Amino acid sequence: MAIMNFLLDIRNAAIANAVIVVFHIYIAFAVEGGVSLLLSFRLVS
Numbered sequence: 874m875a876i877m878n879f880l881l882d883i884r885n886a887a888i889a890n891a892v893i894v895v896f897h898i899y900i901a902f903a904v905e906g907g908v909s910l911l912l913s914f915r916l917v918s
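First residue of the sequence shown: 874, per the numbering used here; consecutive thereafter.
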C-alpha cells in the first residue's frame, strides 16, 4: 500500500512539473517571444 502511495506521489509530482513547464513556456511566448523561450528551457533543464 505504501508503494502505491509513493508511485501516486511521483505521478502527481510529474504532472505538476509538466504543468509548470508548459505554463512557463506559454508565459515566455506571450511576454517576450522566442528569446525568452530559450531562456526558459535553460532554466528548466
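Backbone N, C-alpha and C define an ideal beta-carbon position, used for all residues, glycine too.
Predicted, not measured: the structure shown is a model, and the values here were computed from it.
Do you know offhand how far residue i's Cα is from residue j's?
i: M877; j: V892; result: 22 Å
i: I900; j: L881; result: 28 Å
i: I883; j: N890; result: 10 Å
With H, G and I counted as helix, E and B as strand and the rest as coil, what does DSSP make of residue i?
i: M877; result: helix
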